[in-house]
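Q:
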Amino acid sequence: MSNAKRNIFVTTALPYANGAFHFGHILEYIQADIWVRHERMCGNNVHFVCADDAHGAPIMIAASKQGVTPQEFVAKISAGRQQYLDNFYINFDHWHCTESPENTELSQDIYRRLKDAGLIYTTDIEQFYDEEVGMFLADRFIKGTCPKCGAPDQYGDSCEKCSSVYSPTDLINPYSAISGSVPVLKTSTHYFFRLSDPRAQAFLKDWTMGNGADGKPRVQAEVLAKDNEWLDGNLADWDISRDAPYFGIEIPDAPGKYFYVWLDAPIGYLASFKAYCAKKGLDFVQELSRPNTEQIHFIGKDIIYFHTLFWPAMLHFAGTPYRVPDHVNVHGFMTVNGQKMSKSIGNVVDPFVLGERYGADAIRYHILREMALGADSSFSNEIMINRINSDLANGFGNLVSRTVAMVIKYFDGTLPAEKTAGEFDDDLIAQATALTEKVDDFMDKTQLQNALAEIFKVVSRANKYIDETAPWVLAKDEANKPRLAAVLYNLLETIRITSSLLSAFMPTVMPEVWEQIG
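Printed below as a string of structure tokens:
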């Protein structure tokens, strides 16, 4: 790994402010938090921010049903966030909201820059209108049969089954998700981002195939394959406006028109960073403009279309100080015992309850050991308990407890200076001393699961080393005390190395281990 220190701006996807965190949120935040902790352990400068995604028709309608303003509705949701973050030791530097002055300022600035670049235009379109509630329907409030794969009850902008993206008017048998009525088509003037522009197409093909500042690919192979599929199909222009009534940011010089929530939501990353910079006395523009600054996102695969096509194109053509992402790290969907998590099925896992039952570190460990970035994964309570017992209790816990107990029993807690090397030492020492570099390499590639597996290979080797050297046999002969001291020293040093690397994964248990080994 290079000795040059990195300056990194890290975000996770903004949770929509219409409900409490679900397990998918916590999965993503834990992945990002562990990566951030490790990078800081390496001496790198990391800014880790997030925010509530507060705009859009769903929040406006939900607030109306409760008889409160959208702002009051969002504030209530946001107030419940911290207990979840604290419960899993997820330490964002700053938590913000897209309903903020910073987000309004930056969204309107980026829009004006894109307009000056000739990438914004208007056209009249036919749009679904719900006559019962008196409003144009946002994509997520129109449902019907997917025009690509025929899956029923899909949203108006994309299919959750086949991942196709389409226009609401392409849906088969559309209906209003608000009233259930069949919507009518009405004409309205909309604003579009010209994603079909040859400049945008050329840039995106280059960006998706390129590397970040660290020389590694910007997107994972499976994400690149999907991006290429979209790019080869010729991207359609992006409708970035919505009609009043709408809870969002007004489009400059366009009365009654608002930015579609997906335009200002990712800009919320920058708005949160800008607010954080103000709090810390940093210069926002200067921080973004540093040549060595890296912008890194952790997201789910359901939103890669926005984060690997619209978002980098917006940033690129908006110009400095805005910068394109260096990496977009994507995790897959999570199922429960092989089934999609659903309230109707009754298999929703409450992360707060899970953390209270098993402890934050155990959940953090399980998530990283079983749920790799880039792949779908299934949560199973049985698998989690087995993993906790085999790896944490019988593996690492057993290594620490046996070693510490023997140091206390045979040397009263203090090892003598005289030590004698012997058989089996070289293999353990070689694996333990090489571990940090291996883990750093996997973490640099955001292969968190592989990094964790590598640590536990050494833990397993250390437990085998105890059986090979049989310290309890050595302790029977006073002449073997130097050899016994060397064995226990090697074990303590292995515990020191593995526990240090594990501290990013399990931040509450490892300090207890350090206290035990002194």
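The sequence shown lines up with residues 13 to 530 when you count with the numbering used here. Where is the CB? At the ideal position from N, CA and C, for every residue including glycine. Nothing here was measured: the structure is a model prediction, and the numbers come from that model.
(1) Identify which residue in Ile261, Phe408 and Gly192 has its Cα closest to the Cα of Trp83.
(2) Tell me the rounded alpha-carbon separation between His309 and Thr24.
(3) According to the neighbour-count rule (16 or more other Cβ atoms, all chains shown, within 10 Å of its Cβ), is Gly79 buried or exposed?
(4) Is it the case that the Cβ atoms of Ser188 and Asp255 are separated by a distance below 7 Å?
(5) Measure from the alpha carbon of Glu430 to the alpha carbon of each residue in Asp362, Val499 and Ala372, then state which is nearest.
(6) Could you tell me the distance, in whole angstroms, from the CA atom of Pro337 to the CA atom of Ala44?
(7) Near Lys217, what residues of its chain come up, given a Cβ to Cβ distance below 7 Å and the 5 sequence neighbours on each side ignored?
(8) Along the alpha helix (DSSP H) that carries Gly280, what are the first and last residues, could you check?
(9) Of the residues Ser390, Gly350, Phe364 and Glu299, which one's Cα is nearest the Cα of His539?
(10) State the CB to CB distance for the pair Asp265 and Phe205, rounded to an integer number of angstroms; the pair is presumed to be in contact (CB under 8 Å).
(11) On the premise that Asn475 lies in contact with Asn410, defined as a C-beta separation below 8 Å, what is that separation, rounded to the nearest angstrom?
(12) Quick check on this structure: which residue in Val58, Asp182 and Thr305 has the alpha carbon closest to the alpha carbon of Gly162?
(13) What alpha helix (DSSP H) runs, 4 residues minimum, are completely inside the segment 213 to 270?
(14) So, for Gly31: in the same chain, excluding its five sequence neighbours on each side, which residues have a beta-carbon less than 8 Å away from its beta-carbon?
(15) What does a CB cutoff of less than 7 Å around Leu496 pick up in its chain, not counting 5 residues either side in sequence?
(16) Buried or exposed for Arg369, going by 16 or more other Cβ atoms inside 10 Å?
(17) Which residue comes first and which comes last in the alpha helix (DSSP H) that contains Met53?
(18) What are the boundary residues of the beta strand (DSSP E) that includes Asp64?
(19) Using a Cβ-Cβ cutoff of less than 7 Å, which residues in the same chain neighbour Val451 once the five nearest sequence positions on both sides are dropped?
(20) Suppose only complete runs of 4+ residues qualify. What are the alpha helix (DSSP H) ranges in the segment 318 to 403, listed by chain order?
(21) Grab the span of the alpha helix (DSSP H) containing Ile308 for me, first residue to last.
(22) Any idea if Leu247 is buried or exposed, counting beta-carbon neighbours within 10 angstroms, 16 or more meaning buried?
(23) State the CB to CB distance for the pair Asp373 and Val525, rounded to an integer number of angstroms; the pair is presumed to be in contact (CB under 8 Å).
(24) Per DSSP, what are the beta-bridge partners of Val196 in this structure?
(25) Does Ser208 come out as helix, strand or coil in the three-state DSSP assignment?
(26) Give, in chain order, every unbroken run of the beta strand (DSSP E) that is at least 3 residues long and sits entirely within the segment 99 to 129.
(27) With distance defined between alpha-carbon atoms, name the residue in Phe345, Asn406 and Asn393 nearest to Val361.
(28) How many angstroms separate the CA atom of Phe85 from the CA atom of Ser511?
(29) DSSP state of Gly407, grouped into three classes?
(30) Along the alpha helix (DSSP H) that carries Lys155, what are the first and last residues, could you check?
(31) Would you identify the three-state DSSP class for Gln78, choosing helix, strand or coil?
(32) For the segment 102 to 110 against the segment 279 to 293, do three or more pairs of beta-carbon atoms, one drawn from each stretch, fall closer than 8 Å, so that the two count as touching?
(33) I think Asn185 touches Thr157, with their Cβ atoms under 8 Å apart; what is that distance to the nearest whole Å?
(34) Which of the three DSSP states is assigned to Asp165 in this structure?
(35) Along the chain, where does the alpha helix (DSSP H) that runs through Val525 open and close?
(36) For the 8 Å Cβ check, are there 3 or more pairs between the segment 166 to 177 and the segment 124 to 135?
A: To lay it out plainly:
(1) The amino acid occupying residue 83 in the given sequence is Gln; Trp does not appear at that position. Taking only the C-alpha atoms, the option nearest Gln83 is Ile261.
(2) 6 Å
(3) exposed
(4) no
(5) Val499
(6) 15 Å
(7) Leu243
(8) Val273 to Lys292
(9) The displayed coordinates of the chain run from 13 to 530. Any statement about residue 539 would go beyond what the structure contains.
(10) At roughly 17 Å, the Cβ-Cβ gap does not stay under 8 Å, so Asp265 and Phe205 are not in contact.
(11) 6 Å
(12) Asp182
(13) 233 to 244
(14) Ile89
(15) Tyr422, Pro483, Leu486 and Ala487
(16) exposed
(17) Phe35 to Met53
(18) Asn57 to Asp64
(19) Ala463, Glu466, Ile467 and Leu513
(20) 323 to 330, 363 to 370, 372 to 382 and 393 to 399
(21) No alpha helix (DSSP H) contains Ile308, which is instead part of the beta strand (DSSP E) from Thr305 to Gly312.
(22) buried
(23) Not confirmed; about 11 Å, so no contact.
(24) Tyr141
(25) coil
(26) 106 to 109
(27) Asn393
(28) 43 Å
(29) helix
(30) Lys155 -> not in any alpha helix (DSSP H); beta strand (DSSP E) instead, spanning Ile154 to Thr157.
(31) helix
(32) yes
(33) 6 Å
(34) coil
(35) Val521 to Ile529
(36) no
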